[in-house]
Amino acid sequence: MSTAPHAFDPEVVDAVLAHMNSDHLDDNLLIVRAHAVPEATAASMSDADGEAGTWTVIGPEGPLGERRIRWPGGPITERAEIRREVVALYDAACVALGEEPRPH
């Protein structure tokens with residue numbers, strides 16, 4: 089029997105999205121290009137739950153919709169784990185795309 093992913097409080101999700109979309113737009117694009125849509129030209133984080141992050145993706149021809157990317161460490165339930173999992177996605181994206189990761 090499948091259970092729904094952990095739902096973080098809306099304030100937590102809003103804070104994560106605000107941070108990712110103001111301070112880490114380039115990271116959003118790297119994550120999406122490596123893990124979901126190689127041809128993406130822009131991406132913004134649009135949601136997060138205990139199972140995955142969700143990004144809204146733009147491609148060369150326009151909007152491509154949302155893509156969910158599962159957390160590499162598996163399901164999470166704590167706010168601090170969101171950062172850990174986004175960093176893991178970013179680090180893996182840098183390796184996959186041959187980019188030099190910046191310090192965390």
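Numbering (the working numbering), first residue to last: 89 to 192.
For every residue, glycine included, the Cβ atom is placed at its ideal position computed from N, Cα and C.
**Request:** Kindly indicate which three-state DSSP category residue 156 falls into: helix, strand or coil?
**Result:** Under the three-state reduction of DSSP output, residue 156 falls in the strand class.
**Asked** Helix, strand or coil: which one does DSSP assign to residue 98?
**Response** In the structure shown, residue 98 falls within a helical segment according to DSSP collapsed to helix, strand and coil.
**Request:** Taking residue 103 as the reference, give the member of 182, 177, 168 with the closest Cα.
**Result:** Closest by alpha carbon: 168.
**Message:** So if DSSP puts residue 151 in a beta bridge, which residue, or which two residues, is it bridged to?
**Reply:** Under the DSSP definition of a beta bridge, residue 151 partners with 146.
**Message:** For residue 139 and residue 106, I'd like the C-alpha separation in whole angstroms.
**Reply:** Take the alpha-carbon of residue 139 and the one of residue 106: they are about 19 angstroms apart.
**Asked** Which residues mark the beginning and the end of the alpha helix (DSSP H) in which residue 180 is found?
**Response** That run of the alpha helix (DSSP H) goes 167-185.
**Request:** For residue 181, collect the residues of the same chain with a Cβ closer than 6 angstroms to its Cβ; drop the 5 residues on either side in sequence, then sort them by chain order.
**Result:** Cβ neighbours of residue 181 beyond the five flanking positions: 118, 119, 122.
**Item:** First through last residue of the alpha helix (DSSP H) which encompasses residue 122
**Value:** From DSSP, the alpha helix (DSSP H) with residue 122 extends over 113-123.
**Message:** Does residue 92 pass the burial test, meaning 16 or more other C-beta atoms within 10 Å, or should it be called exposed?
**Reply:** In summary, residue 92 is exposed, with fewer than 16 beta-carbon neighbours lying within 10 Å of its beta-carbon over all protein chains present.
**Request:** Rank 170, 155, 95, 154 by C-alpha distance to the C-alpha of residue 161 and give the top, closest one.
**Result:** Comparing Cα-Cα distances from residue 161 to each of 170, 155, 95, 154, the minimum goes to 170.
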